[in-house]
Amino acid sequence: MIYLDHLASTPLDPLVLDAMLPWMRPGSVGNPHAAHAAGWRAADAIEEARQQVAALVGAQPGDVVFTSGATEANMLALLGGLPPGGRCVVSAVEHPSLLACLPELRRRGHPVEMLPVDGAGCVTPDDLDDALSGCGGEPALVSVMAANNEIGTLQPLAALADVAARHGAVMHSDAVQAVTTVPVDMTALGLQGLSLSGHKMYGPMGIGALVARAPLRPVPAAPGGGQQRGRRPGTLPTPLCVGLGAACRLARERRDEQALRLRTLRERLWLALRDRLPGIRRNGAEDGLAGCLHITLPGVDAADRLLDLPDIAVATGSACHSGSGEPSHVLLAIGLTAGDAHGSLRFGLGHGTTAEEVDRAADRLAAVLADPEPLHRK
Ligand code: PMP
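Under full-length UniProt numbering, the first residue of the sequence shown carries the number 1, and numbering increases by one thereafter.
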């Protein structure tokens with residue numbers, strides 16, 4: 001199997017697994033919230049993980065709220081972070097987990113605005129300025145992702161956070177896809193909220209974090225037992241927290257080297273595909289996320305053709321996340337037709353990807369597409 005779907009999920013790094021394993025053995029029993037030595041040991045391990053998460057994103061350990069993943073972190077930021085009557089401004093290309101909060105915000109009476117993007121998927125600071133100018137001094141929360149999970153476009157976060165600050169708005173960013181290859185420092189950028197996900201950064205599934213700095217103070221949907229200073233109730237899963245911490249430490253150490261390596265591989269893949277596939281187009285900004293290549297093959301039914309490539313894991317750019325077959329809101333937002341969206345593919349390169357795999361994937365795809373009829377229908 002050639003795995004080129006690292007934007008959907010990354011493999012667990014063996015060093016992360018090593019860090020987690022001691023906390024999964026029977027000898028490591030202890031509720032991290034319990035007031036005895038076994039509990040304190042677990043609590044210390046979680047505290048170290050908080051420091052590792054905070055260090056990756058330029059925050060303080062106390063700002064880190066562990067969640068079940070980025071879906072919950074995004075929900076906690078929006079549904080739990082907006083003060084009554086506050087305005088919510090998001091981009092049109094946010095992840096579905098964030099966009100799914102908008103109907104509930106509207107139901108609660110919050111004004112909601114969606115920022116358009118240009119053909120590369122980029123939000124402009126002027127559009128944010130316009131959206132916040134009309135808010136007449138009411139509190140506001142802006143959420144714009146650091147890197148898009150479909151086309152890899154990086155947003156101008158510092159400039160956007162600057163505009164948000166001028167209007168007294170809180171700025172949150174879903175940085176799930178960015179942190180392994182792009183520096184995201186909340187202090188330097190001026191962000192008050194940031195979402196992370198373990199399984200997009202070589203950490204475990206089932207854990208993520210909302211990093212929340214004042215004045216963002218999320219109120220959880222469930223009252224629960226007051227853990228994490230009342231910001232997210234529930235007993236913390238020690239092995240998962242330790243795993244996320246280890247993944248953040250490794251991301252920090254490897255970020256620049258991986259960004260360089262993946263960018264080189266991405267361009268190698270693009271050139272190999274461009275030379276073999278007439279009519280191919282590349283989507284997103286020229287130099288977006290290092291491990292992401294998003295292409296359109298006009299007139300091709302990408303999902304159907306992938307059935308002939310069961311040994312290559314890539315994503316169709318057309319399928320929305322629920323698998324409904326609707327064209328992606330991101331591709332429509334950057335101006336693709338529904339037809340072109342269905343002819344789109346997303347390659348997600350990662351730590352384990354080699355030049356040989358990239359070459360082989362391009363060869364295999366070209367060979368399959370050279371045939372006018374899909375093999376599986378012959
Ligand atoms: N945001 C982005 C940008 C993502 O790519 C994803 C995962 N597809 C999520 C949020 C949701 O993360 P999780 O799987 O941890 O809920």
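Yeah, the Cβ is synthetic: ideal placement off N, Cα and C, and Gly gets one too.
Just so we're clear, the structure is a prediction, and the values are computed from it rather than from any experiment.
Residue i versus residue j - alpha carbon distance
i: residue 231; j: residue 328; result: 33 Å
i: residue 164; j: residue 263; result: 31 Å
i: residue 353; j: residue 363; result: 16 Å
i: residue 28; j: residue 37; result: 11 Å
i: residue 384; j: residue 186; result: Outside the displayed span of the chain (1 to 378) sits residue 384, for which this structure offers no information.
i: residue 377; j: residue 173; result: 44 Å
i: residue 122; j: residue 129; result: 15 Å
i: residue 23; j: residue 30; result: 10 Å
i: residue 103; j: residue 357; result: 42 Å
i: residue 366; j: residue 268; result: 15 Å
i: residue 348; j: residue 4; result: 5 Å
i: residue 149; j: residue 171; result: 19 Å
i: residue 460; j: residue 85; result: Residue 460 lies beyond the residue range present for the chain, which begins at 1 and ends at 378; the question has no answer from this structure.
i: residue 81; j: residue 274; result: 45 Å
i: residue 40; j: residue 228; result: 15 Å
i: residue 374; j: residue 90; result: 40 Å
i: residue 125; j: residue 162; result: 9 Å
i: residue 319; j: residue 117; result: For residue 319, the predicted model reports a pLDDT of 49, less than 50, meaning its position is unreliable; a value from the coordinates is still stated below. If I take the Cα positions, the gap works out to 20 Å.
i: residue 306; j: residue 280; result: 16 Å
i: residue 94; j: residue 76; result: 15 Å
i: residue 9; j: residue 131; result: 34 Å
Heavy atom of the ligand PMP within 7 Å of residue i beta-carbon
i: residue 117; result: no
i: residue 174; result: yes
i: residue 133; result: no
i: residue 177; result: yes
i: residue 153; result: no
i: residue 381; result: For the chain, the structure presents residues 1 to 378; residue 381 sits outside this window and is missing.
i: residue 200; result: yes
i: residue 208; result: yes
i: residue 75; result: no
i: residue 329; result: no
i: residue 91; result: no
i: residue 379; result: Given that the chain is displayed from residue 1 to residue 378, the structure contains no residue 379 and the question cannot be resolved.
i: residue 197; result: yes
i: residue 186; result: no
i: residue 31; result: no
i: residue 149; result: yes
i: residue 171; result: no
i: residue 1; result: no
The alpha helix (DSSP H) enclosing residue i, as first and last residue numbers
i: residue 74; result: 70-81
i: residue 97; result: 96-99
i: residue 18; result: 14-20
i: residue 306; result: 302-306
i: residue 329; result: 329-333
i: residue 363; result: 355-370
i: residue 44; result: 37-57
Span of the beta strand (DSSP E) around residue i
i: residue 91; result: 87-91
i: residue 182; result: Per DSSP, residue 182 belongs to no beta strand (DSSP E) and is neither H nor E.
i: residue 390; result: Nothing about residue 390 can be reported from this structure: the residues present for the chain run from 1 to 378 only.
i: residue 342; result: From DSSP, residue 342 is part of no beta strand (DSSP E) but of the alpha helix (DSSP H) over 338-342.
i: residue 67; result: 64-67
i: residue 209; result: 208-212
i: residue 167; result: Careful: residue 167 lies outside any beta strand (DSSP E) and carries neither H nor E.
i: residue 281; result: 281-283
Cutoff 8 Å: residue i Cβ touching any chain D Cβ
i: residue 351; result: Of the protein chains in the structure, only one exists, and it is not chain D.
Threshold first: 3 residues or longer. Then list the beta strand (DSSP E) segments lying entirely within the stretch 103-159, N to C. 112-115, 140-143
Within the stretch 186-250, note down every full beta strand (DSSP E) run reaching 3 residues or more, in order along the chain. 193-197, 208-212
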